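So for the sequence shown, UniProt numbering puts the first residue at 1; every next one is plus one.
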Amino acid sequence: MVATWLSVACGNHPRDPHRSRTTWKCFHFQVCFTCKQKKKKKKKEKEKKKGVLPVSLGPWVTIGQSVVTGLAGPERFLRLQHNRNARLTGTPDFFYREAQRLGYVARSAFKLLQMQKQYKLIKPGASVLDLGCAPGAWLQVACQSLGPLKSGGVVVGIDLKKVKVPSLHCDARVRTVCADVMNLLKNEARVLSPQGKGFSVVLSDMCPLVSGITTKDAALSVELGMQALDLAIGGAALSQPNNINDEELDFSSSGIDRNGILQPGGNLVVKLLESEDLRDFSQLCKPLFKKASWFRPKATRSSSREIYFICQGLL
């Protein structure tokens, strides 16, 4: 079928004798070239505000960038790749944007928020110890969970880095200490609690520097988890093998005394990386608490292997 092309005036702007203000009409389809350029300009401005980088390298560019060209096919393909790989390239996702909107310093705040909503770990007036507190998102959620200032309570964060107490969602009940948890003694940690009576909640969000070697990262994660467990319920630190790649951790150590910093009836949360050692870790903890379960928050990235072990009610 042969299309009939007509030249008609565009109603979006007045006639200009120096420019072509016409609309090419093929049946029901019409495009005003001047208006099309304006739409392209507005589209580019929106992309800049969203943080998508306009480049002119054609369709084959690094994933995570979007090409703003006249070609709808490559641009649409790269936009889909941009959204699909947002978690891998560090591009802001939903939880990141929500954290900024609500005043949290990190997206990890939503992990503890979901735990608190489901398990009621932190009660008003509780004493909370946060191991590996940087950058301070869990300090914010813990302080919120304490209730109003008149309810009392305290939140203490410990990290290798110097962590500044966030100004939002935190008050005078929150303080931080710069120390190495692996070398922290129980007596030193107990002094940080109100009247030296220990804490009602111990949170461990510690994670090793990921090397990419699955077995090594998992073993280091379990080592951090065992240190948190040792601080909470007491007992000598379990000896670790020198070669963590060839030998398994020994969880059969006996004689766990009760001189830990976690009060009877208290709750413990430990972050670990998924591995074969998780079953042994859970078998070690379950006899010591009324209830213990694994939990993976919705805010956890799909590419992450982290999982939380939640223990409630120390016996």
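Each residue gets a CB set at the ideal place from its N, CA and C atoms; glycine is no exception. Model, not experiment: these values are computed from the prediction.
In the three-state reduction of the DSSP assignment, C143 falls in the helix class. For D180, the number of other beta carbons within 10 angstroms of its own is below 16, and it is reported as exposed. According to the DSSP assignment, L278 belongs to the alpha helix (DSSP H) that extends over 278–285.
Remark: three or more beta-carbon pairs, one from each stretch, lie closer than 8 angstroms, so the region 264–273 and the region 201–208 are flagged as touching. Sorting R175, K162, D159, L160 by C-alpha distance to the C-alpha of A142 places R175 at the top. G147 and S127 have their C-alpha atoms spaced approximately 12 angstroms apart. Secondary structure of N187 (DSSP, three-state): helix.
Here I213 is exposed. Its C-beta has fewer than 16 other C-beta atoms within 10 Å.
C-alpha of K290 to C-alpha of K46: approximately 54 angstroms in a straight line.
In this structure L139 is buried. Its beta-carbon is surrounded by 16 or more other beta-carbon atoms within 10 angstroms. Under the three-pair Cβ rule at 8 angstroms, the region 101–116 counts as touching the region 129–138.
If only uninterrupted beta strand (DSSP E) runs of at least 3 residues are considered, those enclosed by the region 99–141 are 127–131.
Rounded to whole angstroms, the separation of the alpha carbons of K120 and K39 is 51 angstroms. For G225, the enclosing alpha helix (DSSP H) begins and ends at 214–233. The three-state secondary structure of S151, taken from DSSP, is helix. Check the Cα spacing between S275 and each of N259, P287, Y308: the tightest is with Y308. In this model, K216 and S303 are separated by some 18 angstroms (Cα to Cα).
Its Cα nearest to that of Y104, the residue A134 stands out among Q118, A134, K43. Here K298 has Q114 as same chain residues with Cβ atoms under 7 angstroms from its own Cβ, once five neighbours each way along the sequence are excluded. Shown here, P264 sits in a strand according to DSSP, grouped into three states. In summary, M226 is buried, with 16 or more beta-carbon neighbours lying within 10 Å of its beta-carbon over all protein chains present.
In this structure A189 is in contact with L129, their Cβ atoms being roughly 7 angstroms apart against a cut-off of 8 angstroms.
Annotated three-state conformation of K290 is strand, per DSSP. Taking all protein chains shown into account, P264 has fewer than 16 neighbouring C-beta atoms within 10 Å of its C-beta and is therefore exposed.
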